[in-house]
């Protein structure tokens, strides 16, 4: 199918979605570099200022599915405008915060706006561009996500050093106003996909509590087992509630289709491995290879930079060859990259780290574009919001799980990564990425199962999408 050119409205509509992805991605990491400055400004401990980051991430993780489903009934464009308004207003309140508690609360509200923006941006691609350009559009959004996350620490550090900590939040005000105008002016007006139905408040509340306890279990020391048990009980309660709900938050029957459940599982596994590179990499480069902090920072930026630059070309490959062909190839690249990190000896030096990371980063860009494009094309119009949100949730849970679980593997393998000798650090990295390789092999198997399953009839709207908009 030939690639249909984008008209002026479609270009600006896609620009509005790109900004809607860039802004919350930027704020995921922009405060990290300034935590010491914020601790000094508010006379707080490191544990206290950590909540500036955690409050934002918790709000996104716990609410993203609920707001995605709300968009399916309320109108995705309308809710996106509200989300941008919440995000922009909360950013202003963050900058004006008179104390740490106020700042943490404003960051939580900012996270609510970010959850809406993350949940609906991918879902709105089908309304903004022709079907033949969906892969390129998804690639652009992946580029914006990677660019925001990568640029955050360096931009935040620069602004704090020369303007002040308030500037990292004030930056969002003009961007938010511009974004809201672009969405209002160029994104096609939408309507509810069908008759208005009651929102599943009970299911939403149970899911929020379940996700909150899981996220806290992965971030708080000393409460992990208890919080995981509560989260497990919450998951069981959520399933029971959804089975009885007249208008469920999530149609559980959707998960019977391997195209949906498989894509979500792939997203979780891949992002778990990607977070592993950010957790293990600094220790391996600094303590294993004895590199300076400056060189470590430059090397760590290679992966995210390649993922950002590769997003749009990856999307074009998806448009040309199709998502079902690209996903297995991308996962095979992830297997090779992780396998190289698990096997190449430390004596090979820095190239033995940079080469595999280049393979992993390029494969990740391909995977994101192909997986997101394939899934959203296979979902009915009335489920796009919640499925897009589920993709975002799987990504966040993968990042949280990668930091906690794979970090624990590395810690056990090295004893104490902050004091272990270089040889032990190298061995720990090999073991950790051996586990990562196994996870990617598992992902590759799931992708093959998806291909074998693609001929089955659609169920509950999956696979019956109208992908050209409302």
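In this note's numbering, the protein residues as written are 41 to 510.
Even for Gly, the Cβ is constructed at its ideal location relative to N, Cα and C.
Taking the C-beta atoms as reference points, residue 189 is found no nearer than 7 Å to residue 60. Between residue 281 and the set 356, 106, 244, the nearest pair of CA atoms involves 244. With a cut-off of 8 Å on Cβ pairs, the segment 340-355 is in contact with the segment 400-408, counting three or more such pairs.
Counting every other CB atom within 10 Å of its CB across the protein chains shown gives residue 225 a total below 16, marking it as exposed. Residues 82 of the same chain have their beta carbon placed closer than 7 Å to that of residue 139, with the five preceding and five following residues left out of the count. A check of alpha carbon separations from residue 154 across 67, 254, 195 identifies 67 as the nearest.
Counting other Cβ atoms within 10 Å of its Cβ, residue 266 stays below 16 and is therefore classed as exposed.
Remark: C-beta atoms of residue 466 and residue 328 approach each other more closely than 7 Å. The three-state reading of DSSP puts residue 321 in helix, counting H, G and I together.
DSSP places residue 170 outside both helix and strand once states are collapsed to three, so it counts as coil. Residue 80: member of the alpha helix (DSSP H) spanning 75-81, first to last residue.
With fewer than 16 other CB atoms across the displayed protein chains lying within 10 angstroms of its CB, residue 463 is exposed. Apart from the 5 residues on each side of it in sequence, residue 378 sits with its Cβ closer than 6 Å to the Cβ of 473, 476, 477, 480 in its chain, given in chain order. Measuring C-alpha to C-alpha distances from residue 323 to each of 178, 460, 300 identifies 460 as the nearest. Here residue 359 carries a helix assignment [DSSP, helix/strand/coil]. Pairing residue 201 with residue 144 gives a Cβ-Cβ distance that is not under 7 Å. Under a 10 Å Cβ-count criterion, residue 216 is classified as buried, with 16 or more other Cβ atoms of the shown protein chains found around its own Cβ. Boundaries of the alpha helix (DSSP H) harbouring residue 67: 48-69, taken from the DSSP string. Looking only at 303, 337, 195, 271, the smallest Cα-Cα distance to residue 70 is reached by 195. Across the structure, residue 391 and residue 125 are spaced so that their CA atoms are roughly 46 Å apart.
Counting along the chain, residue 85 sits inside no alpha helix (DSSP H), nor does DSSP assign it H or E at all. Per DSSP, the unbroken alpha helix (DSSP H) holding residue 453 starts and ends at 447-454.
Closest in C-alpha terms to residue 72, from the list 362, 371, 192, 304, comes 192. Straight-line spacing of the CA atoms in residue 247 and residue 168 works out to 30 Å. Taken atom to atom, the span from the alpha-carbon of residue 468 to that of residue 394 is near 18 Å. Contact annotation: residue 303 and residue 411 have beta-carbon atoms nearer than 7 Å.
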